[in-house]
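If you use this note's numbering, the sequence shown corresponds to residues 2 to 73, in order.
All residues carry an ideal CB built from backbone N, CA and C; glycine is no exception.
Written below as structure tokens is the structure these notes are about.
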Amino acid sequence: MKTALLIISILLIVIVLLQSGKAEGAAQIISGGSSDLFTKRKERGSELVISRVTLLLGLSFFLICLISTFVG
2 MKTALLIISI
12 LLIVIVLLQS
22 GKAEGAAQII
32 SGGSSDLFTK
42 RKERGSELVI
52 SRVTLLLGLS
62 FFLICLISTF
72 VG
């Protein structure tokens with residue numbers, strides 16, 4: 002169980018770092034320079050795949066943590 006959690010956590014960190022940010026620069030994140038930050042954008046191609054893989058890894062990490070808590 003611990004090995005699976007370690008592998009999933011490393012993969013989750015890597016896949017989150019691969020995601021593209023919504024703002025173009027760090028200054029826009031702090032100052033809120035992008036007015037269309039929360040507008041609906043459709044994810045396409047690799048963004049969609051990365052988003053779905055992130056969701057699956059996050060859910061599997063959560064479920065394994067829950068199972069390992071109740072089992073042992």
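Asked, Found
"Contact check, isoleucine 16 vs isoleucine 65, beta carbons under 8 Å", "no"
"Residue interval of the alpha helix (DSSP H) (run including glutamate 48)", "47-72"
"When Lys43, Phe71, Leu13 are compared against valine 54, the one with the closest alpha-carbon", "Leu13"
"Nearest-angstrom beta carbon gap, methionine 2 and serine 47 [assumed within contact, 8 Å]", "At roughly 31 Å, the Cβ-Cβ gap does not stay under 8 Å, so serine 47 and methionine 2 are not in contact."
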